[in-house]
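These notes concern the structure reproduced below.
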C-alpha cells in the first residue's frame with residue numbers, strides 16, 4: 158500500500174467517528190500543551206533569575222569570611238558571621254593586577270527613622286566610593302559617597318528607591334532630608350536608581366553610608382562582612398580569584414582558607430540548578446497527563462480493532478499482509494497523536510503567552526521543547542498504537558470474517 | 563489447475579479433536595463451474611477455506627496453478643489470495659466507509675497497482691459484473707442487497723483471478739435478486755472464468771455444471787449436474 162493510499166484509508170477511518178477521534182486527540186493536546194507551557198514557565202523563570210543576578214555585577218568576586226562548604230552552596234554559608242576580613246585586606250587586594258575596583262563592605266540591619274516620623278528596618282551597608290562601581294549602582298538624584306566623606310567619617314547616606322519611598326512617601330524627594338539610623342542623624346545625599354531586584358536580591362531596599370562611619374559610629378567593629386572585587390576583564394575571573402586567594406592566605410598566615418571567594422558564576426550555577434529542578438518537576442507533572450492521553454489512544458485503537466474485526470478479515474482475505482495491517486493501524490494512532498501534538502504545541506504557546514502577559518511571569522518557548530513535544534507525541538502513537546495494531550494483524554482471517 | 567490430494571483438516575477444541583475433512587481428493591479444470599454442496603457441519607466451509615488459501619490443510623497437498631500452496635506462510639498465502647483468488651461472501655463484506663469504486667479497487671491497492679490502471683481495471687470488472695455506472699461512486703449503504711453483491715463480484719474479478727470462490731452468495735438475498743447474481747456467475751463462467759460455488763441449497767447448486775456433494779468430511783458424489791438450470795440468456799441460446 159503506497160503512502161497516499163495509506164493516508165486516505167487512515168483519514169477515512171478517523172473521520173468516520175469524529176467525536177471519538179476528537180476526544181482522543183484532546184487527551185494528547187492537553188498533555189502536550191501542558192508540557193510546553195510548564196517548561197516555558199520554568200525556562201522563563203531561569204532566564205529572569207539569571208539576568209537579575211547578572212544585574213548585580215557580572216564581573217564580580219565576593220570575598221566573605223568563613224568557609225563555604227563544598228556542595229552546600231551560598232545559601233547555608235552564614236556569610237558575615239566571621240571576623241577574619243579587615244580593611245587592610247581590602248587595601249592589599251587593590252594592588253592586584255586586573256582589578257577594576259575593590260569594595261570593602263560592612264553591613265548590618267538597623268531600624269531607620271525619617272525626619273517625618275516614618276520608620277523601616279533595612280540593611281545598612283558601609284561602603285566606599287568603589288561600591289557603586291562594583292555593584293553597578295547608578296545614582297538617580299544627588300551624589301554617591303566620596304573619598305572625602307569616607308576620610309572625614311561623614312554622617313551621610315545614599316538610600317535605595319524602596320527605602321526612600323518607605324521613609325518619605327512616593328511623592329516626596331528624600332534628597333537633603335535627614336534620617337536616624339540607630340539614633341544617629343544622617344543626611345541623605347543621594348537616591349539610587351531602581352535595579353528592579355526582588356526576593357533575596359532586593360538592592361532597592363538598602364542604605365549606604367561611608368565605611369568609616371559604619372565601623373566607628375554604627376557597628377563599633379572594624380571587621381568587614383564582605384569585600385567585592387570587580388574584575389576588569391571577564392576572562393581573568395579565575396586568575397584574579399586565584400591570586401586574591403593566595404594573597405589572603407599569606408596575609409592571614411593560614412594554610413587553609415578562613416574566607417571564601419565566590420564568583421557570580423558560582424551563584425548562577427546554584428540557582429540554575431534550582432530552576433532546572435523546578436522545570437523538571439513541572440514537566441513531569443505535565444508528562445503524566447501526556448501518559449494518560451497515550452492510554453486514551455490505546456483504548457481507542459483497541460475499540461477500533463474490535464469494531465473493525467470483519468473489515469480486517471476482509472482485508473486479509475483479499476491479500477493484505479500482516480505488516481500492511483499493522484502499518485494501517487499504527488498510522489491511525491500516529492496520525493491522532495501527531496495532530497494532537499500540533500494543536501498541543503499551539504495551545505501551549507498560547508498558554509505561555511497568556512501567562513507572561515496576564516500574570517507577568519516571564520516564559521520562553523524553546524524550539525527544543527517544541528521538537529521534543531512532537532517527538533514524544535509521535536513516539537506515544539507508536540508505543541500505544543503498536544499493541545492494538547499487532548493484535549489486528551494477528552487476527553485469523555476466517556475468524557475475523559465470521560466475527561459478529 | 564486445482565488439484566487436491568488427500569486433504570485432511572483436524573481442529574483441537576480444548577481436548578476434543580474434530581475432524582473436518584477426512585482425505586478429500588478432486589481436480590477442477592480451468593473454466594469449470596463447480597458447486598460444492600453439503601449440509602452445515604459437512605466440512606464444505608473448511609474445504610472452501612483451504613481452497614481460498616485462508617487456511618492450510620493438516621495433511622495432503624493442494625496445487626493451485628501447479629504451485630503447492632498447502633505449506634505456505636501467512637504472508638505467502640496472502641499474496642496468493644491477492645493474485646489468484648476472488649472471494650464473494652454471503653455477508654458481502656464491503657467496506658462501509660468507502661465508495662463502490664474504492665471497494666472494487668481495494669485488492670489492486672494491496673497488489674501495488676498504479677492509480678490510473680486501478681480505475682481502468684475496476685471499470686472493466688464493474689462492467690463485467692453488470693453494475694450500473696451511475697452508482698459507481700455511491701456508498702454501499704445507498705445500494706440494495708443485489709447491487710452490493712454485484713460490487714463484491716466486481717471486487718472478486720478485478721485482479722483477474724484464476725479462481726472465483728463464492729461462499730453462499732445468494733444466502734442473504736431474496737430469490738429474484740439471487741437469480742440475478744447466479745446469472746452473473748453463469749455469464750462470467752461462459753466468458754472463461756473458473757467458479758467454485760459453495761452452498762447448502764440443492765436449488766442453487768443446480769445452476770453449476772458439476773456438483774461435488776460433501777458430507778461428514780468426505781466426498782459423497784462428484785458428477786456433472788443433470789438438468790442444469792440456466793438463467794443466463796446467451797447460454798440459453800447456446801444450449
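Protein chains in written order, with my numbering: chain U, 158 to 561; chain E, 563 to 801.
Even for Gly, the Cβ is constructed at its ideal location relative to N, Cα and C.
Since the model is a prediction, treat every value here as computed from it, not as a measurement.
Check                                                                                                                                                                                                           : Outcome
Distance, Cα to Cα, residue 562 of chain U vs residue 438 of chain U?                                                                                                                                           : Because chain U in this structure spans residues 158 to 561, residue 562 of chain U falls outside the shown range and cannot be described.
Mind checking whether residue 187 of chain U and residue 512 of chain U have CB atoms under 8 angstroms apart?                                                                                                  : no
Roughly how many whole angstroms lie between the Cα atoms of residue 216 of chain U and residue 263 of chain U?                                                                                                 : 20 angstroms
Give the residues of chain E in contact with residue 173 of chain U, contact being defined as C-beta atoms less than 9 angstroms apart.                                                                         : 658, 659
Can you pull out the residues from the stretch 478 to 508 of chain U whose beta carbon lies closer than 9 angstroms to at least one beta carbon of chain E?                                                     : 478, 479, 480, 481
Our contact map puts residue 494 of chain U next to residue 534 of chain U with C-beta atoms below 8 angstroms; I'd like the distance itself, whole angstroms only.                                             : 4 angstroms
Could you list which residues in chain E have their beta carbon closer than 7 angstroms to that of residue 471 of chain U, in chain order?                                                                      : 655
Assign residue 679 of chain E to buried or exposed, taking buried as 16 or more other Cβ atoms, counted over all protein chains shown, within 10 Å of its Cβ.                                                   : exposed
Just list the beta strand (DSSP E) runs in the stretch 500 to 537 of chain U, keeping only unbroken ones of 3 residues or longer that don't cross its boundaries, in chain order.                               : none
Using CA coordinates, which residue listed in U/505, U/194, U/285 is at the minimum distance from residue 308 of chain U?                                                                                       : U/285
Give every residue of the same chain whose Cβ lies closer than 7 angstroms to the Cβ of residue 235 of chain U, excluding the five residues on either side of it in the sequence, and list them in chain order. : Annotation note: pLDDT 49 at residue 235 of chain U (below 50); position unreliable, coordinate value reported separately. Closer than 7 angstroms at the Cβ level, and outside the excluded window around residue 235 of chain U, lie 223.
Could you tell me the distance, in whole angstroms, from the CA atom of residue 688 of chain E to the CA atom of residue 523 of chain U?                                                                        : 56 angstroms
Rounded to the nearest angstrom, what separates residue 422 of chain U and residue 219 of chain U at their Cα positions?                                                                                        : 11 angstroms
Taking all protein chains shown into account, decide if residue 574 of chain E is buried (16 or more other Cβ within 10 angstroms of its Cβ) or exposed.                                                        : exposed
Just checking: is the beta-carbon of residue 668 of chain E within a distance shorter than 8 angstroms of some beta-carbon in chain U?                                                                          : yes
Check the Cβ-Cβ distances between residue 169 of chain U and every residue of chain E, and say whether any is below 8 angstroms.                                                                                : yes
I'd like to know whether the C-beta of residue 476 of chain U is nearer than 8 angstroms to at least one C-beta of chain E.                                                                                     : yes
Only counting the same chain, and skipping five residues up and downstream in sequence, which positions put a Cβ closer than 7 angstroms to that of residue 311 of chain U?                                     : 367, 370
State buried or exposed for residue 345 of chain U, treating a residue as buried only when at least 16 other CB atoms are found within 10 Å of its CB.                                                          : buried
Name the residue from U/317, U/172, U/281, U/547 whose alpha carbon lies nearest to the alpha carbon of residue 462 of chain U.                                                                                 : U/547
Between residue 304 of chain U and residue 365 of chain U, what straight-line distance do the alpha-carbon atoms span, to the nearest angstrom?                                                                 : 14 angstroms
Within 10 angstroms of the Cβ of residue 465 of chain U, are there 16 or more other Cβ atoms? Answer buried if so, exposed if not.                                                                              : buried
Any C-beta of chain U sitting closer than 8 angstroms to the C-beta of residue 611 of chain E?                                                                                                                  : yes
Taking residue 403 of chain U as part of the alpha helix (DSSP H), name the residues at either end of that continuous run.                                                                                      : 394 to 409
Could you tell me which of U/440, U/291, U/402, U/177 sits nearest to residue 196 of chain U, measuring between CA atoms?                                                                                       : U/440
How would you list, in chain order, the residues of chain E whose beta-carbon sits under 9 angstroms from the beta-carbon of residue 552 of chain U?                                                            : Result: empty, since nearest Cβ-Cβ is about 11 angstroms, beyond 9 angstroms.
May I ask you to check if the CB of residue 435 of chain U is nearer than 7 angstroms to at least one heavy atom of the ligand ATP?                                                                             : Looking at this structure, you won't find the ligand ATP or any other ligand, since it has none at all.
Round the Cβ separation of residue 298 of chain U and residue 347 of chain U to the nearest angstrom and send it over; I've been treating them as touching at under 8 angstroms.                                : 7 angstroms
Can you give me the C-alpha to C-alpha distance between residue 162 of chain U and residue 677 of chain E, rounded to a whole angstrom?                                                                         : 9 angstroms
Give the single residue among U/193, U/207, U/458, U/315 whose Cα lies nearest to the Cα of residue 430 of chain U.                                                                                             : U/207
Which word fits residue 327 of chain U, buried or exposed, when buried means at least 16 other C-beta atoms lie within 10 angstroms of its C-beta?                                                              : exposed
Which first and last residues belong to the alpha helix (DSSP H) in which residue 682 of chain E is found?                                                                                                      : 677 to 690
My guess is that residue 793 of chain E and residue 745 of chain E are in contact by the Cβ rule of under 8 angstroms, so how many angstroms apart are they, rounded?                                           : 4 angstroms
Could you tell me whether any Cβ in chain E is nearer than 8 angstroms to the Cβ of residue 464 of chain U?                                                                                                     : no
Measuring only the C-alpha atoms, how far is residue 477 of chain U from residue 553 of chain U?                                                                                                                : 12 angstroms
Quick check: what's the CA-CA separation for residue 240 of chain U versus residue 363 of chain U?                                                                                                              : 23 angstroms
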